[in-house]
Amino acid sequence: GIENLVQIVEQNKSLIYVTATVDGQSVTFTDVPLETWFAPYVNTSIRTGIMSGFKNNQGNLMGLFGPESNVTIAELVKIAHELSGIDETKARWIPRNLLARDTWFEQYFASSEILGWQVFTDTRLDPGRNATRGEVVTTILQALDIPRKWPKGQMFSDVAISTQYSSSIETAAKDGIVAGYEDGEFKPEDPINRAEIAKIISLAIELYGENTAEIRQYDEQ
Numbered sequence: 141g142i143e144n145l146v147q148i149v150e151q152n153k154s155l156i157y158v159t160a161t162v163d164g165q166s167v168t169f170t171d172v173p174l175e176t177w178f179a180p181y182v183n184t185s186i187r188t189g190i191m192s193g194f195k196n197n198q199g200n201l202m203g204l205f206g207p208e209s210n211v212t213i214a215e216l217v218k219i220a221h222e223l224s225g226i227d228e229t230k231a232r233w234i235p236r237n238l239l240a241r242d243t244w245f246e247q248y249f250a251s252s253e254i255l256g257w258q259v260f261t262d263t264r265l266d267p268g269r270n271a272t273r274g275e276v277v278t279t280i281l282q283a284l285d286i287p288r289k290w291p292k293g294q295m296f297s298d299v300a301i302s303t304q305y306s307s308s309i310e311t312a313a314k315d316g317i318v319a320g321y322e323d324g325e326f327k328p329e330d331p332i333n334r335a336e337i338a339k340i341i342s343l344a345i346e347l348y349g350e351n352t353a354e355i356r357q358y359d360e361q
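Take any residue in the sequence shown, count from 1 to its spot, add 140: that is its number in the numbering used here.
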């Protein structure tokens, strides 16, 4: 009957696309085919609860991950908290950044200000704009408390010692959680999409796993 047909279609979907359990509910992400390079990274970032898919106005998951959507500053601050296991609810103050007040990310911003995260010390930072590759790398390293190496300015043709976030970029590249482009550039000012940040998250879990309570807890399950 129809029910069997629906079941078969759903089973077939899970053979083609990434399917993960989110909040006790099985969700198939129809924009993440299993054969794509980013599928395993999306799977890891969702299973660990660090990222989730897009939700509709009712707050229900739509089965879309949005791999090509750029990561905003607001998304970055949430991802960094989820990855590091830092509890943003302990931030008992209103963020100095006026644009972060009365939003879903208000406590994440307040927490990042208290923690002195470099990117968030600028209180005029626009939470809705795209995060740059440099900002993503430095925020993730800082959230995980990874010691940064002194920059040499020789790894990438567009990252000098004086380039903003150069020590984070070179540390992350040496550790292997990010890479440059074939032309020898890192493009620190470029945006980063959700597939790319899922890869960084997955590699950071592998490399820096002991730096995060969340991940330790996940690994023990």
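The beta-carbon is built from N, C-alpha and C at its ideal position, and this holds for glycine as well.
Bounding residues of the alpha helix (DSSP H) (the contiguous stretch that carries residue i)
{"i": "serine 308", "result": "306–315"}
{"i": "threonine 161", "result": "That residue, threonine 161, is in no alpha helix (DSSP H); its beta strand (DSSP E) goes 157–162."}
{"i": "leucine 255", "result": "246–255"}
{"i": "glutamine 282", "result": "273–283"}
Assigned secondary structure, residue i (DSSP; H/G/I helix, E/B strand, else coil)
{"i": "valine 167", "result": "strand"}
{"i": "alanine 240", "result": "helix"}
{"i": "leucine 343", "result": "helix"}
{"i": "valine 182", "result": "helix"}
{"i": "threonine 212", "result": "strand"}
{"i": "leucine 204", "result": "coil"}
{"i": "lysine 153", "result": "helix"}
{"i": "asparagine 144", "result": "helix"}
{"i": "valine 172", "result": "strand"}
{"i": "lysine 230", "result": "helix"}
{"i": "lysine 218", "result": "helix"}
C-alpha distance - residue i paired with residue j, whole-angstrom precision
{"i": "phenylalanine 296", "j": "aspartate 315", "result": "15 Å"}
{"i": "methionine 191", "j": "aspartate 262", "result": "25 Å"}
{"i": "arginine 288", "j": "leucine 174", "result": "35 Å"}
{"i": "leucine 155", "j": "leucine 343", "result": "25 Å"}
{"i": "isoleucine 332", "j": "asparagine 210", "result": "6 Å"}
{"i": "glycine 189", "j": "arginine 232", "result": "24 Å"}
{"i": "glutamate 208", "j": "serine 166", "result": "22 Å"}
{"i": "glutamate 246", "j": "alanine 312", "result": "28 Å"}
{"i": "lysine 218", "j": "lysine 230", "result": "14 Å"}
{"i": "threonine 161", "j": "tyrosine 181", "result": "15 Å"}
{"i": "threonine 279", "j": "lysine 153", "result": "35 Å"}
{"i": "alanine 283", "j": "valine 299", "result": "22 Å"}
{"i": "tyrosine 157", "j": "leucine 255", "result": "38 Å"}
{"i": "serine 224", "j": "leucine 281", "result": "10 Å"}
{"i": "phenylalanine 178", "j": "lysine 339", "result": "7 Å"}
{"i": "arginine 119", "j": "tryptophan 257", "result": "Look at the range of the chain in this structure, 141 to 361, and you will see that residue 119 is not part of it."}
{"i": "isoleucine 286", "j": "leucine 347", "result": "11 Å"}
{"i": "glycine 164", "j": "glycine 293", "result": "47 Å"}
{"i": "isoleucine 317", "j": "glutamate 228", "result": "25 Å"}
Cut-off 8 Å between Cβ atoms - residues of its own chain near residue i, not counting five sequence neighbours on either side
{"i": "arginine 269", "result": "Thr212 and Ile213"}
{"i": "leucine 204", "result": "Phe169, Thr170, Asp171, Gly193 and Phe194"}
{"i": "aspartate 323", "result": "Ser297"}
{"i": "proline 267", "result": "Thr212, Ile213, Ala214, Val217, Asn237, Leu239, Ala240, Thr243, Phe245 and Phe249"}
Cβ-based neighbour list, residue i, same chain, cut-off 6 Å, excluding 5 preceding and 5 following
{"i": "glutamate 143", "result": "none"}
{"i": "glutamate 222", "result": "Ile190"}
{"i": "proline 291", "result": "Ile301, Ser306, Ser307 and Glu310"}
Sequence-distant residues of its chain with Cβ nearer than 7 Å to residue i (five each side left out)
{"i": "alanine 319", "result": "Ala313"}
At a cut of 8 Å, does the stretch 227–245 reach the stretch 197–205 through at least three beta carbon pairs? With a cut-off of 8 Å, the stretch 197–205 and the stretch 227–245 do not count as touching, because too few Cβ pairs lie within range.
Check whether the stretch 320–339 and the stretch 272–279 are in contact - that is, three or more C-beta pairs closer than 8 Å. yes
Count the CB pairs spanning the stretch 298–317 and the stretch 241–255 that are closer than 8 Å, and state whether there are at least three. Segment contact: the stretch 298–317 against the stretch 241–255, fewer than three CB-CB distances shorter than 8 Å; contact not assigned.
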